[in-house]
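No gaps in the numbering here: position 226 of the sequence shown is 225 in numbering that gives the first Met the number 0, and each next residue is one more.
Glycine included, each C-beta is placed from N, C-alpha and C at the ideal position.
Scroll down for the structure; my scribbles are underneath it.
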Amino acid sequence: MYIMTSKLELAEKELAKAKLIDDSQGVIYYQEGNVAYLNNDIAKAKASYSKAIELGFDTNNVYFHLANCLAEQGEVDAALYYYGKAEQQAPYEGKATVKKIQLCIQAGDYSKALYNAKHLIEIKPEAFEGYHYRFMALLAMNNAEEAKQTLDKAIDMFSDDLGFKYDLMMYYDHEQMYNEAIEVIDNYFMANNDDGRWDNLIKDKANLLFKAKRFDEVEQVALSVLNSEHDDRMAYYVMFKKLTEADYDSAIYYAREIKKHKDKAEDLVPYYAAVYYEALAFYKKNDIEKANALFNAAVVEFRSECVKQPRNVNLYVYRCVAYKALKDYGKALDAANYIITLTNGEFIEGYLLRSMIYEDMHETE
Numbered sequence: 000m001y002i003m004t005s006k007l008e009l010a011e012k013e014l015a016k017a018k019l020i021d022d023s024q025g026v027i028y029y030q031e032g033n034v035a036y037l038n039n040d041i042a043k044a045k046a047s048y049s050k051a052i053e054l055g056f057d058t059n060n061v062y063f064h065l066a067n068c069l070a071e072q073g074e075v076d077a078a079l080y081y082y083g084k085a086e087q088q089a090p091y092e093g094k095a096t097v098k099k100i101q102l103c104i105q106a107g108d109y110s111k112a113l114y115n116a117k118h119l120i121e122i123k124p125e126a127f128e129g130y131h132y133r134f135m136a137l138l139a140m141n142n143a144e145e146a147k148q149t150l151d152k153a154i155d156m157f158s159d160d161l162g163f164k165y166d167l168m169m170y171y172d173h174e175q176m177y178n179e180a181i182e183v184i185d186n187y188f189m190a191n192n193d194d195g196r197w198d199n200l201i202k203d204k205a206n207l208l209f210k211a212k213r214f215d216e217v218e219q220v221a222l223s224v225l226n227s228e229h230d231d232r233m234a235y236y237v238m239f240k241k242l243t244e245a246d247y248d249s250a251i252y253y254a255r256e257i258k259k260h261k262d263k264a265e266d267l268v269p270y271y272a273a274v275y276y277e278a279l280a281f282y283k284k285n286d287i288e289k290a291n292a293l294f295n296a297a298v299v300e301f302r303s304e305c306v307k308q309p310r311n312v313n314l315y316v317y318r319c320v321a322y323k324a325l326k327d328y329g330k331a332l333d334a335a336n337y338i339i340t341l342t343n344g345e346f347i348e349g350y351l352l353r354s355m356i357y358e359d360m361h362e363t364e
């Protein structure tokens with residue numbers, strides 16, 4: 000009762016009393032594990048659950064909670080093992096199977112995720128999770144046709160579940176059918192957003208509009224987000240649009256906004272773009288002295304980041320075009336050639352970069 004009412008210190012006192020009476024009872028350590036888990040002491044929770052099992056308290060719940068601890072500590076194989084033990088204790092409950100699937104997807108083991116999703120559908124055909132994760136695994140494995148078949152069946156079975164409409168949007172995005180993906184957001188989410196509960200999808204819509212090259216609409220949607228909060232990706236979209244309009248002062252403003260928020264960035268892709276595009280905007284304004292200073296600073300930063308992320312193609316692209324802007328064509332060519340080598344020639348823009356450099360050098364090659 001103390002655990003259920005979040006009085007964890009009192010719960011611990013009762014468990015201490017129980018240990019004085021008989022400390023060989025596994026249920027005591029199971030509840031001790033629950034208290035520790037609620038206190039975010041994962042190491043103690045794991046030890047207590049293990050002790051409970053050692054003393055013969057081997058219910059599906061103790062296996063399940065132990066697996067949760069192991070998953071949080073990154074011990075994927077051990078977590079999968081104990082989720083499996085929980086499944087054996089309660090083969091038709093399904094919650095351990097769902098956790099196994101989630102863990103497999105996070106680890107990039109989509110084949111195993113697919114196998115477990117099929118099993119979940121067999122034991123609980125009325126549960127939406129089996130179809131959702133089967134779809135996600137198939138899409139990640141680039142089996143788009145079977146993924147769509149699974150999704151169609153799920154939408155037919157769970158017609159009121161908006162989660163599958165979101166999956167449909169993901170399918171269209173994966174298949175580069177961006178306009179269709181935008182229609183899903185507009186028809187199923189934005190059309191019923193009077194209470195603002197789907198505001199989080201506005202950024203998804205902006206991402207899709209950018210991919211669809213509907214840049215005027217991207218700017219409008221991105222600005223609606225930026226009016227209430229800073230978002231690097233939305234600021235990147237507006238910066239890009241301002242550059243295409245030759246509104247260089249505005250482009251510089253949004254580039255600096257992105258750079259200012261670097262320490263809070265979850266994804267540095269917009270930041271790297273801002274480092275280059277701020278310099279480019281000054282170059283387009285014919286402020287060559289300021290542009291060159293920024294390009295030189297950019298080269299130093301990109302070179303440092305390339306050491307830390309040697310397979311990040313975008314960093315080498317920005318480094319290459321910064322060298323090109325500085326007319327350091329030897330280093331620019333080195334960077335372009337490295338991009339081609341790094342990607343085995345599959346990143347075709349590497350050849351475009353090389354041709355642009357040769358053009359500036361007045362070389363027929």
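With a cut-off of 8 Å on Cβ pairs, the stretch 148-159 is not in contact with the stretch 176-188, counting fewer than three such pairs. Note on the stretch 36-83: whole alpha helix (DSSP H) runs with a minimum of 4 residues are 41-53 and 59-71, in chain order.
If you draw a straight line from the Cα of E265 to the Cα of D230, it is about 10 Å long.
At least 7 Å separates the beta-carbon of M238 from that of V224.
For the pair A143 and E182, the CB atoms are not nearer than the 7 Å cut-off. Cβ-Cβ distances below 6 Å link F214 to K240 in the same chain, with the five nearest sequence neighbours on each side left out; the list follows chain order. Ranked by Cα distance from I338, the first of E256, N313, I287 and G329 is N313.
Rounded to the nearest whole angstrom, the CA to CA distance from A66 to S249 is 51 Å. A residue is called buried once 16 or more other Cβ atoms fall within 10 Å of its Cβ, and E277 is buried on that count. Only exposed fits H361, as fewer than 16 other CB atoms lie within 10 angstroms of its CB. A Cβ-Cβ distance of about 7 Å is found for the pair I104 and Y132, placing them in contact under the 8 Å criterion. A direct Cα-to-Cα measurement between L113 and E128 gives close to 12 Å.
Taking 7 Å as the cut-off, the beta carbon of Y62 is found closer than this to the beta carbon of A85. Looking at the backbone, the Cα of A290 and that of H260 are separated by about 21 Å.
When C-alpha distances from V97 are compared across Q88, N115, S5 and Y80, the shortest belongs to N115. Annotation: the continuous alpha helix (DSSP H) that includes D203 extends over L200 to K210.
The shortest C-alpha to C-alpha distance from Y350 to any of A324, K326, D327 and V320 is the one to V320.
Within the model, the alpha-carbon separation for K50 versus K111 is close to 30 Å. With respect to the 7 Å criterion, Y328 and I347 are not classified as neighbours on the basis of their beta carbons. Taking each of K18, L19 and M0 in turn and checking the Cα distance to A10, the smallest one comes out for M0. If you draw a straight line from the Cα of K18 to the Cα of G93, it comes to about 33 Å. One alpha carbon belongs to A146, the other to L137, and they sit about 5 Å apart. Y247 has its alpha-carbon roughly 23 Å from the corresponding atom of L352. Within the same chain, Y177, A180 and I181 come within 6 Å of L207 by CB-CB distance, once the 5 residues on both sides are set aside. Minimum Cα-Cα distance from Q148 among the listed residues L54, Y130, V274 and N191 corresponds to Y130.
When C-alpha distances from R318 are compared across K307, E304, V298 and Y29, the shortest belongs to V298. Under the three-state reduction of DSSP output, D333 falls in the helix class.
Annotation: the continuous alpha helix (DSSP H) that includes P269 extends over V268 to K283.
Around K204, the same chain offers I181, I184 and V220 as residues with beta carbons nearer than 7 Å, after the five sequence neighbours per side are excluded.
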